[in-house]
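What follows is a set of notes on a single structure, which appears directly below.
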Amino acid sequence: NDFKVKKKDIKIRILTDGKTQKSRGMAFVEVEDPELLYGLLKLHQTFLNGRRINVERSAGGKKNSETRKAKIAQYRKEQDDYFAEVVDNIMKEYKDTGELRDG
Numbered sequence: 522n523d524f525k526v527k528k529k530d531i532k533i534r535i536l537t538d539g540k541t542q543k544s545r546g547m548a549f550v551e552v553e554d555p556e557l558l559y560g561l562l563k564l565h566q567t568f569l570n571g572r573r574i575n576v577e578r579s580a581g582g583k584k585n586s587e588t589r590k591a592k593i594a595q596y597r598k599e600q601d602d603y604f605a606e607v608v609d610n611i612m613k614e615y616k617d618t619g620e621l622r623d624g
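Letter by letter, the sequence shown follows residues 522 to 624 of my numbering.
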């Protein structure tokens with residue numbers, strides 16, 4: 522993951538418990554640059570300080586609104602499709618070089 526992030530390019534909001542003010546283990550990250558967005562999405566299901574992290578796109582709006590749910594479902598599908606394509610391309614490359622055979 523060789524992308525450079527400048528402080529002005531990213532906004533991070535860490536969610537905290539209202540009573541204890543301790544981190545809830547979640548954060549919202551806002552970026553404008555599509556390349557940076559996809560660079561961050563590549564971190565999905567990787568490890569940070571020994572813990573697996575989830576990185577997904579979110580959608581604004583009320584928590585249970587149908588529009589928000591539909592946007593999130595679409596974002597997840599796009600992310601799944603993207604990673605499936607990446608894996609397919611990697612597998613094809615290994616097959617093309619003979620490093621991986623069917624069967």
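Every residue, glycine too, gets a C-beta built ideally from N, C-alpha and C.
Minimum C-alpha distance to residue i - residue among the options
| i | options | result |
| --- | --- | --- |
| Ile-533 | Phe-568, Lys-590 and Val-550 | Val-550 |
| Gln-600 | Lys-563, Gly-581, Asp-609 and Arg-572 | Lys-563 |
| Leu-536 | Asp-530, Arg-545, Lys-529 and Lys-528 | Arg-545 |
| Asp-554 | Lys-527, Gly-619 and Glu-587 | Lys-527 |
| Asn-575 | Ser-586, Gly-582, Lys-584 and Leu-561 | Leu-561 |
Limits of the unbroken beta strand (DSSP E) element including residue i
| i | result |
| --- | --- |
| Gly-624 | Element bounds for Gly-624: n/a, residue is neither H nor E. |
Alpha-carbon to alpha-carbon, residue j and residue i
| i | j | result |
| --- | --- | --- |
| Arg-578 | Gly-624 | 37 angstroms |
| Asp-530 | Tyr-559 | 14 angstroms |
| Ala-548 | Gln-595 | 21 angstroms |
| Glu-614 | Arg-589 | 38 angstroms |
| Asp-617 | Phe-604 | 20 angstroms |
| Lys-598 | Lys-592 | 10 angstroms |
Range covered by the alpha helix (DSSP H) that runs through residue i
| i | result |
| --- | --- |
| Thr-588 | 587-617 |
Runs of beta strand (DSSP E) wholly within the segment 529-583 (minimum 3 residues, chain order) | Secondary structure within the segment 529-583: the beta strand (DSSP E) runs of 3 or more consecutive residues, fully enclosed, are 531-537 and 544-552 (chain order).
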